[in-house]
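Which chain is which? The protein sequence lines are A and B, in order.
No gaps in the numbering here: position 91 of the first sequence is 379 in this note's numbering, and each next residue is one more.
No gaps in the numbering here: position 438 of the second sequence is 425 in this note's numbering, and each next residue is one more.
The structure under discussion appears below in the form of C-alpha cells.
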Amino acid sequence: MHAPAEQRSEIELELNGETRHGRAEPRTQLCDFLRHELGATGVHVGCEHGVCGACTVLVDGVASRSCLMLAVQADGRRIDTVESLARDDVMNDLQQAFSRHHALQCGFCTSGILMSCVEFLQKVPDPDEAQVRDMLSGHLCRCTGYTGIVRAVLEVARQRQSGESQQNASENPNDV
Amino acid sequence: MSDHSTETRADGSHIGRSQTRFEDQALLRGLGRYADDLATPPGTLHAAVVRSPHAHARVLSVDASEALALKDVRAVLTGEDVKRWAHPFPVGVRGAPMEHWCLAVDKVRYVGEPVCVVIAEDRYRAEDALDLVRVQYEPLKPVIDPEKAAAEDAPVLHEAVGGNVVNERHFRYGDPEKAFEEAEHRVSIKVRFPRNSCTPIECYVVVGQYQPATGVYDILSNFQGPYALHSVMARALNVTSNRLRLRTPPDSGGSFGIKQGVLSYVVLMGLAARKAGAPVKWVEDRLEHLQASSSATNRVADMEAAVDADGRVTALRYDQIDDCGGYLRAPEPATFYRMHGNLTGAYGIRNLSVRNRVVLTNKLPSGLNRGFGGGQMYFALERLMHQVARQLNLDPLDVMRRNLLPADAFPYRTASGALLDSGNYPGTVDLALRDGGYHELIRRRDQARAEGKLYGVGLCAVVEPSISNMGYITTALTPEQRAKAGPKNGAVSTATLSIDPLGGITAHVSSTPQGQGHQTVVAQVVAEVLGVDPASILVNVELDTGKDPWSIASGNYSSRFAGAVAGAVHKAALQVRARLANIAATLMEADPEQVRFAGGKVFIEDGPSLGFHRVAGTAHWSPALLPDSESGGLRETAFWTPPQLEAPDDDDHINSSLCHGFIFDYCGVEIDRVTGEVHIDRYVTCHDAGRLLNPMLVDGQIRGGFTQALGVALMEEFAYGEDGSFLSGTLADYLLPTAPEAVEPLILHTETPSPFTPLGAKGVGEGNNMSTPVCIANAVADALGRDDIQLPLTPSRVRGLIGIDEPPAPEGLEPLAAPRAGGPALQARDSVVVPASPQTVYDTVLDPETLRAIIPGCHALELEGDNQYRADVTVGVGMIKARFAARVRLSDLDPPRSLRLSGSGDSAMGSASGSAHVTLVELDNGHTRLEYVYEVDVGGKIAAVGGRMLQSASKIIIGQVFNRLAQRLTGKPVGGGLWQRLRALIARLLGKGDAS
C-alpha cells in the first residue's frame, strides 16, 4: 500500500501473542491489513461480503469476519489467526484431526473454519453433530462436503472431554 | 463407510493405501502459498476492471481522462490498446468469424464483460478510479433464452457471423430411422439444464509482467489448464508461444474446472503490464467471479427413445442446444463433445441420431465445470430412461437392467466410438442394491406413501469418462474441415524425477492440482517403486512453461491424474530404478535383475546392501565408476500417451476419453407438502473407478462432488433477467450447500482395473456431478408423478410442481400484482393528494427548478432540449450508493391532465431506467390526486447484488419524488403516500381508531 502517510493511522494490536504495529487507512479492511501489512497470509479472503467465512479470525477470542471489520477497529485488540494454532511446529489436536479425517482439500476455507471451531469448542465442549453442523453453517467449503470436518470436530471434542476426565481421575485417585 | 485414518496395508505397499496427505501440514497451519500470498516484484501495480452494466450494447466511447487525473492511477488499458497489440482469441470452430477480444472493442455482449482496466498504486485506488471512467453505450436488445437465440428473428450478437447458431452438426450411427420405425414405443422428453458453477472459494488471481527487451509475457496465475489453452493465450497476445511464460503458484484454492476461464485475464493482465510498464496484479472479487468468470453450459435437450415392448431401447435421438454465452471461448463447444463417445451411457444401444447446435446468448461465456458435459448429458438420458419405465409402466430398475451392457462386453466400442475399457455394470448394480439396502428403501417408500407422504425413489447409471482425448473437440468440425486442419488426438502426460547428490528425491508433475492431494499420491507411487519412505519425497506441483516439461494435455481436468499423471510418475520412477539397478549392479558386481529396493536400501537378496543415497550419489560424485551406458546425473522425465486415443474418423466416431468408470446411484427423497423442500432420506453411490490409489482421497473426491451436485439439484442457478441482468451476484443470492444442508451419502466401491493405464486406475472426481443431479430429479419425479422436472428443485419450484392452490387472501388485502417474468424490472402504482389545483401542479412539474428539487439526490439539472434535461443524481439502494449521469425527460404532455416523466442513467454500479405516467385528477375540494404508474429497470451491479431490495427501494424513491412535489406546493408533507397509509394501517390494526 502506497497511500499518503497522512491518511493512514498507526495501529497496534496483539497478533498471535505478539505485539505488532502497522499503518492503515480508515477504510482498510482488517483482512487486507493482516495479510498485506502484517504478513498473516493464513487469513484467506473468499467473498469480501461476509458469507463464505474463509477470513474468520478471533478478535479478543470471538470468531469474527475480518472482511467485515476495518483495520482501525482492531486497534488495541487481540487477534488470533490460524497461524497461532501450532506450537513449536507441532499441529494442535484439531489440526491433526482435520488431517486424519481428510477434512480439507484445497485448504482455502480451512483457516477460517479452524478459527470458528476453536471458539466453538471452548463454548460448547461436548457438542452433538447438529450443533457442529450449525456452527459450520457460517462457512462455505466446496471441496469436502463437510463430512471430514464434522468428524474431526466431534472427535476432538470427545478426546478433550475424556482427557479432562482422566486428568480429574488422576487428581482424585479414590473418586472412581 | 470406513474411517481411513488408521488404515494400513498388510503388504506394506504404498499404492492403494489411505495415506494421510503431505499437503495438510502447510494448509492447516496457514502456510499455504496461494497466488495472492506470493511476493510480487518491487513496483507492482494493481488492476481493477471496468465492466459492462449492459447485456448487449454498442460501446460508443471510453473516456478515462478523469481516472487518469488521479495521482495514484498510472494507466488505463482500453480496447484501442488491445487492438494495437493483441489478437482476438482463436475460436474452436471454423467458419464463425467471431471476434472475442480480452476487452470489448466494439460491443459488449454480457453483463460484466471487461471494457477497460484501470492500473493504480493499490487495489483500493484502482477500484476508486473505476467510477471515473466514462463509457457511453448504446443499449441493444439482448437475447437470453437459447431457443429464442436460435430463431431467425433473434437479435444477433456477432453481426459478422450473421446469426447466433455458431456451430451445428448432425450425426448418425447405425440405422436410427429404421429402429424408430420398427419400435413398439417411442418415448420422448424435453429437458433444460441450468447454468451453475462449482465456485471455488479462491477467486482468480493474475500477476502479469512484460519484458520489452525480449518480448516475453511472464504471467503467474492460478490457471488450471488444459495447457492446450496456452496456445490460445499466446495467439491472443500475438507472440510466439515461447514468449508466453505461464506460471502457477504452489497452492490453489479450488477450481473444479472454473479456473480454466482465467485465460482471458492472463492475456488482459499481460497487456495491462505492457501498458503500465510495470508488473500488474489483479485479484478478482466475488461479484466479478460470479458474473464474469465462467459457468457450466446451459442446455436444452429434446430426446426420444425407440423402445421394444419389454423396455429395451433400440435407438436414441438427441436434439440439443448448448448455450455458450456471449462468445465461444476455448475449449467450447467442448461441453457437447467431451461426452460424444458416451451418448448411449451404460447401455448397449447401437442406433443413434444427434443434432447439436451451439448458440450464443447475452450471458457470460461458459467453460469447464466439474462433470463437464456429463451433468447435462445424463440429465437428459437418465430422465428419458426413467420416462421409458413410466410410460411402459415398468420398474425403472428393470428397464435399466435390460439395457445395461453385459459383464462380458468389455472392451466395448459404443455406437459413437468410445472404447469402454473395463467394467462389470450388472455386477456393480447388484452390489449396490445389496449393500445399500435397495429393497428396504422401496419398502420405506411404500410405507411413507401409505402414510400419505410424498416419497420417491430415483436411480441412475452413469459411465464416467476420464482422461480426455485432446482431439475430441475436433468432432465439432466436419470430416473435411478436420482433414484440412490435421488430426488431433492423444493425451500426453509427463512427470520428472530428480535425485540430487545426497539422494534427495524431488518429483515434478504438470498436473496443477487444486486440492486433490496429487503430492501425496505421487509420493506414494515413487516410494513404492524406489523403496523409500514417501514422507522423504518432495513433490513440486508448480508449473512454469518456461522451464518445466509440459504438453497440451497438462493441467488439472477430465479426472486425468490417477490414470494418466500417476501413470507417468510410475514410468519415470521405473526409469530411475532401472538406472539405479544398473549402477548398483556395477558397484555390487551383480546382475541388475537381482537388485532390490526397499526400506531406503538398494540390495541383493541375501547379499550386499547399500543405502539408497549412496547408490544415487554415485551418479553425481563418482561418475567414473558408472557402467558405460550411464551418462551421470540422475533425472528422468517420462512422457506417456495412450494409443487408444485416436483422432475422430471420417464417420465421426470418437473415443472421447481413455477410461470409463461406472456409477450406479439411487436415492430416496421425501418432499414436504407445505414448503416444497426436498429432503434426501438416503443416497447410495456405488463406484467402479478401477484400481484405487488412495481410497481416502477417492472418497473425499466423491463426497465433494456429491455435495456440489446436491447444490446443482436443489439450490444453485446463475439467474438472468430477461434484460440480461445477472441476478446471482453474491453468495447470499447464489446459494451453496452448507453443513446443515449437506447429506452423507453411502459410498460403495468395486474395482475393475483399467487395462489402458499404467496403474489400472481411472478418474473418479467428476462422477457424482454427472449422476447425482439426475438421480435426485428422478426421485422427485417419482414422488410427484411429474415429468417436467427442472433444476434446481428449489422449494418454490417444487411447491409449484405439487400444485397446491394458493389460499384466498385475507379480506381487505389487495393481492400483489404478479411480477413481470424474469427481469428485475419493477412495476407498481401509487398516488398522492396535493392541496392545489391540477393546473398549478402541472405547471410546477414543468418548472426545471422544481424538477431538480423533487428528484431525490439530484445535484444538478441542466436543460438539454425541449423538456429534456441532463442530471447528476445519487441513488442509494441498501448499502449500494451510486452516482448516475442521467437523462430526464417529460413527454406525452396533456396539460393539465397527464404527462410522462422518464429517466435513464449509467453509473459505476450499473444502469437504471424508469418511467412514470402521471395522471392528475381534480377532487371535489379543488385539490388534486396525483396518480402514477411506474416501471423501473435496472442492470449491472445493482441488479446483481441488490435484487431483493429493489422492489421496496424503488417504491420509496419514486414515492419521494411525488411527496416532495406535494411538499413544494404546500410547504409541508402531505397524506396519501405509502408511509402515511402504512401508518394509518398500523394504527388501525392496533385499534387506535384513526382511519384517516
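Ideal Cβ placement from N, Cα and C applies to all residues, glycine included.
Task: Selection of the stretch 231 to 248 of chain B by Cβ proximity to chain A, strictly under 9 Å - done: Asp238, Ser239, Gly240, Gly241, Ser242 and Phe243
Task: Contact with chain A by B/Glu592, beta-carbon distance below 8 Å - done: no
- [ ] Confirm the yes/no value for this check: CB of B/Glu369, any heavy atom of the ligand NAP, distance under 7 Å.
- [x] Absent from the structure shown: the ligand NAP. Ligands present: none.
Task: A/Leu301 beta carbon less than 8 Å from that of A/Ile367 - done: yes
Open item on the list: Can you tell me whether B/Leu907 is buried or exposed? The criterion is at least 16 other CB atoms within 10 Å of its CB, across all chains shown.
Closed with: buried
Task: 6 Å Cβ shell around B/Ala903 - same chain, five flanking residues per side excluded - done: Leu888, Tyr919 and Tyr921
Open item on the list: Looking at B/Pro740: is its Cβ nearer than 8 Å to the Cβ of B/Gly747?
Closed with: yes
Open item on the list: Which complete beta strand (DSSP E) runs does the stretch 753 to 800 of chain B hold, if anything under 3 residues is left out?
Closed with: none
Open item on the list: Going by C-alpha to C-alpha distance, which of B/Asp140, B/His647 and B/Ala726 sits closest to B/Asp675?
Closed with: B/His647
Task: With 16 other Cβ atoms within 10 Å as the buried cut-off, status of B/Gly687 - done: buried
Open item on the list: Is it the case that the stretch 201 to 216 of chain B contacts the stretch 179 to 186 of chain B, given that we only count it when at least three CB pairs across the two stretches are under 8 Å?
Closed with: no
- [ ] Tell me, please, which residues DSSP counts as bridged to B/Arg344.
- [x] B/Glu155 and B/Ile308
TODO: Measuring alpha carbon to alpha carbon, tell me which of B/Val819, B/Arg232 and B/Leu15 ends up nearest B/Asn987.
DONE: Limits of chain B in this structure are -12 at one end and 983 at the other, which puts residue 987 of chain B out of reach.
Open item on the list: Report the start-end ranges of each beta strand (DSSP E) in the stretch 851 to 875 of chain B that is 3 residues or longer and not cut off at the edges.
Closed with: 855 to 864
Open item on the list: If distances are taken between C-alpha atoms only, which option among B/Ile570, B/Asp720 and B/Gln511 comes closest to B/Asp615?
Closed with: B/Ile570
Open item on the list: Could you give the first and the last residue of the continuous alpha helix (DSSP H) run that contains B/Gly692?
Closed with: Pro682 to Leu701
Open item on the list: Determine, for B/Cys185, whether the minimum Cβ-Cβ distance to residues of chain A falls below 8 Å.
Closed with: yes
TODO: Identify, in the order they occur along the chain, each residue of the same chain with its Cβ nearer than 8 Å to the Cβ of B/Gly477, setting aside the five sequence neighbours on each side.
DONE: Asn456, Met457, Gly458, Ala540, Thr628, Pro629 and Leu632
TODO: Compare the C-alpha of B/Met220 against each of B/Pro77, B/Trp537, B/Leu530 and B/Gly240 and name the closest.
DONE: B/Pro77
- [ ] Find out if the Cβ-Cβ distance for the pair B/Asp162, B/Asn390 is shorter than 8 Å.
- [x] no
Open item on the list: Helix, strand or coil, according to DSSP, for B/Cys646 in the structure here?
Closed with: strand
TODO: Indicate whether B/Leu613 and B/Thr624 have their beta-carbon atoms separated by less than 8 Å.
DONE: no
Task: Among A/Ala362, A/Glu407 and A/Leu428, nearest to A/Ser297 - alpha-carbon criterion - done: A/Ala362
- [ ] Tell me whether B/Gln511 sits in a helix, a strand or coil according to DSSP, three-state version.
- [x] helix
Task: Per DSSP, the bridge partner or partners of B/Tyr160 - done: B/Leu339
TODO: Please confirm if A/Met357 has its CB atom under 8 Å from at least one CB of chain B.
DONE: no
Task: Contact set for B/Ser485: own chain, Cβ-Cβ below 6 Å, skip 5 residues either direction - done: Thr493 and Arg622
Open item on the list: Pairs of beta-carbons, one from the stretch 510 to 519 of chain B and one from the stretch 635 to 642 of chain B, closer than 8 Å: are there three or more?
Closed with: no
Open item on the list: Let's test the definition: count the other Cβ atoms within 10 Å of the Cβ of B/Glu798 and tell me whether it reaches 16, buried, or not, exposed.
Closed with: exposed
- [ ] Indicate whether at least one CB of chain A lies closer than 8 Å to the CB of B/Pro614.
- [x] no
TODO: Show which residues of chain B have a CB atom less than 9 Å away from the CB atom of A/Arg315.
DONE: Tyr111
Open item on the list: Does any residue of chain B have a CB that is nearer than 8 Å to the CB of A/Glu325?
Closed with: no
- [ ] Taking only the alpha-carbon atoms, compute the straight-line gap between B/Tyr931 and B/Gly716 and give it to the nearest angstrom.
- [x] Per the sequence presented here, residue 931 of chain B reads as Ala, with Tyr not at that position. Computed Cα separation, rounded: 5 Å.
Open item on the list: Please return the same chain residues whose Cβ sits closer than 7 Å to the Cβ of B/Asp68, not counting the five positions on each side in sequence.
Closed with: Leu258 and Lys262
Task: Contact set between A/Phe386 and chain B, taken where Cβ atoms lie within less than 8 Å - done: Asp11 and Leu15
Open item on the list: Tell me the residue span of the alpha helix (DSSP H) that contains A/Cys405.
Closed with: Thr398 to Lys411
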